[in-house]
Amino acid sequence: MQYMLSVHNIEGENPYASDEEMQAAFAAVEKFNADLQEKGSWVFGCGLMPASTATVIDGRGDEPVITDGPFAEAREQLGGYWVIEAADLDAALDWARQASVACANPVEVRPLQPED
0 MQYMLSVHNI EGENPYASDE EMQAAFAAVE KFNADLQEKG SWVFGCGLMP ASTATVIDGR
60 GDEPVITDGP FAEAREQLGG YWVIEAADLD AALDWARQAS VACANPVEVR PLQPED
């Protein structure tokens with residue numbers, strides 16, 4: 000089954016105390032990515048630009064409404080994500096624990112809807 004591991008961070012706050020700590024987290028995430036790939040669990044992953052760079056389109060009306068900035072008016076924002084293949088929720092939770100340690104942020108686990 001596929002799961003999305005999403006990184007949560009607080010918009011405008013840096014979770015790293017120093018540039019060295021940030022570089023260490025980047026290296027830890029690279030190692031985590033390599034572990035996912037080596038074990039055949041990697042599907043896709045990437046970091047995201049800050050939520051302030053987002054553009055939202057609402058096309059439900061007669062004319063689309065385009066808004067700069069994030070859809071959610073919340074401080075906590077999605078900072079990046081992985082799509083992984085895992086045997087079950089327990090395996091996905093273990094990957095998420097490792098991801099949280101690597102990126103130094105909370106990581107949410109959510110199953111993807113099956114294609115069939």
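Note that the sequence shown covers residues 0 to 115 in numbering that gives the first Met the number 0.
Quick reminder that beta carbons are idealized off the backbone N, C-alpha and C, glycines included.
Excluding its 5 nearest sequence neighbours in each direction, His7 has C-beta neighbours in its own chain below 8 Å: Glu75, Gln76, Leu77, Gly78, Asn104, Pro105, Val106, Glu107, listed in chain order.
For Asp61, there is no enclosing alpha helix (DSSP H), as DSSP gives it neither H nor E. Glu12 carries a coil assignment under DSSP once its states are collapsed to helix, strand and coil. Under the 8 Å Cβ criterion, the segment 82-90 does not count as touching the segment 56-70, having fewer than three qualifying pairs.
Only buried fits Ser40, as 16 or more other CB atoms lie within 10 angstroms of its CB. Along the segment 66-98, the beta strand (DSSP E) occurs as fully enclosed runs of 3 or more residues at 75-84, listed in sequence order. Under the three-state reduction of DSSP, Leu35 is assigned to helix.
Counting only residues of its own chain and dropping the five nearest sequence neighbours on each side, Val64 has a CB closer than 6 Å to the CB of Asp57. For Thr54, the uninterrupted beta strand (DSSP E) segment begins and ends at 54-57. Beta-bridge analysis with DSSP links Cys102 to no other residue. CA-to-CA, the gap between Ala27 and Cys45 works out to about 14 Å.
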